[in-house]
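In this note's numbering, the protein residues as written are 101 to 356. Think of the CB as a built atom: it goes at the ideal place given N, C-alpha and C, for glycine as much as any other residue. What follows is a short report on a single structure.
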Amino acid sequence: MKKLFFTFEGDSHKPVIVLGHPLGMNSRVWDGLMPELLKQYRVIRWDLPGHGLSDSLEPSASPLAANALVNPLIEKCDELGIDKFHYVGTSIGGMIGQQLVTQYPERLLSATLTNTGAKIGSKEAWLTRQKDVMDQGLEKMAATLVVRWFSEHSIQTNPSLAGFWQKQLAQVDDYSYGALCEWLGNMDLTEDLGPCSLPVALICGDKDVATTPELMQTLASLIHVNKLEIINHVGHVPSVESPNELIALLNSSLAN
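Here it is as structure tokens:
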């Protein structure tokens with residue numbers, strides 16, 4: 101895989117927290133949390149392939165391997181000498197978090213998974229999305245896709261929200277986005293998950309149409325997390341829609 105863009109902020113003597121963003125977005129989804137996070141942590145963010153400032157994937161006849169996203173993160177932590185870290189991931193970032201929990205538990209201090217699932221959607225739906233993106237392009241599809249990310253309340257209270265993220269999505273590499281759609285269609289972590297001894301917190305928005313509270317409750321049952329935190333009036337991206345409430349939940353869960 102070509103070069104992924106990582107940012108490192110904060111005091112190197114503080115515990116590390118790693119943040120993984122949703123499909124079609126970039127590491128700026130965490131901007132609203134950064135002032136508070138930097139008081140307590142060294143923060144690492146990165147952009148998925150073809151997103152933000154990361155290089156695009158090279159076209160290939162083979163689908164991405166199951167560990168194609170989690171392994172580069174572990175390799176970067178190794179390169180930086182980071183042995184253990186807290187992890188927070190949303191959507192596809194949350195699936196990467198599940199892989200960390202199941203495959204690299206010794207590297208985690210905790211995992212917070214938001215708006216995700218052991219399996220998100222159907223393979224057929226993701227392959228259809230991939231085909232549509234390759235046929236039409238994200239610039240044309242951005243408005244339709246972005247409106248599903250946020251609750252009506254979020255869009256009404258922040259009129260610039262949808263427009264900003266439509267511009268960000270339009271800049272994502274079509275092929276890379278499509279390859280990640282295929283990856284999501286192939287991913288089903290249901291059989292890999294089980295009771296977890298690590299501190300794991302699950303958070304979702306009550307208006308999320310992609311990873312519903314019901315889907316996240318299934319995830320909670322798989323890993324034996326007793327409480328699913330639900331943020332009212334929020335869709336798929338609580339770090340953007342309700343950063344203050346999300347940071348309060350993070351502070352609470354990471355303090356336990």
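Distance CB(residue i)-CB(residue j) smaller than 9 Å
| i | j | result |
| --- | --- | --- |
| Ser321 | Ser210 | no |
| Ile323 | Leu293 | yes |
| Ala310 | Gly150 | no |
| Leu245 | Gly124 | yes |
| Gly237 | Leu213 | no |
| Leu157 | Tyr275 | yes |
| Ser222 | Pro122 | no |
| Pro338 | Gly305 | yes |
| Val334 | Ser254 | yes |
Same chain, Cβ closer than 6 Å to residue i, neighbours up to 5 away in sequence not counted
| i | result |
| --- | --- |
| Lys371 | This structure does not reach residue 371, given that the chain is present from 101 up to 356, and the question cannot be answered. |
| Leu227 | Gly285 |
| His186 | Ile117, Leu209, Ser210 |
Distance, residue j Cα to residue i Cα
| i | j | result |
| --- | --- | --- |
| Pro163 | Glu282 | 7 Å |
| Ile144 | Ile117 | 6 Å |
| Leu208 | Lys307 | 30 Å |
| Glu345 | Gly189 | 16 Å |
| Glu358 | Thr257 | Examination of residue 358 is not possible in this model, given that the chain is present from 101 through 356 alone. |
| Gly181 | Lys240 | 42 Å |
| Ala270 | Ala243 | 9 Å |
Strand pairing of residue i, partner residues [DSSP]
| i | result |
| --- | --- |
| Leu123 | DSSP, once it has assigned bridges, lists no residue as partnering Leu123. |
| His186 | Ile117, Ser210 |
| Ile144 | Phe108, Val118 |
| Ile331 | Gly305 |
| Val337 | None, per the DSSP bridge assignment. |
Contact set for residue i: own chain, Cβ-Cβ below 8 Å, skip 5 residues either direction
| i | result |
| --- | --- |
| Val170 | Ile196, Gln199, Leu200, Gln203, Tyr204 |
Residues of its chain near residue i, where Cβ-Cβ distance is below 7 Å and the 5 sequence neighbours each way are ignored
| i | result |
| --- | --- |
| Leu315 | Gly217 |
| Val325 | Val300, Leu302 |
Check your understanding: Can we say the region 222–236 touches the region 200–209, given the rule of at least three CB pairs closer than 8 Å?
Key -> no
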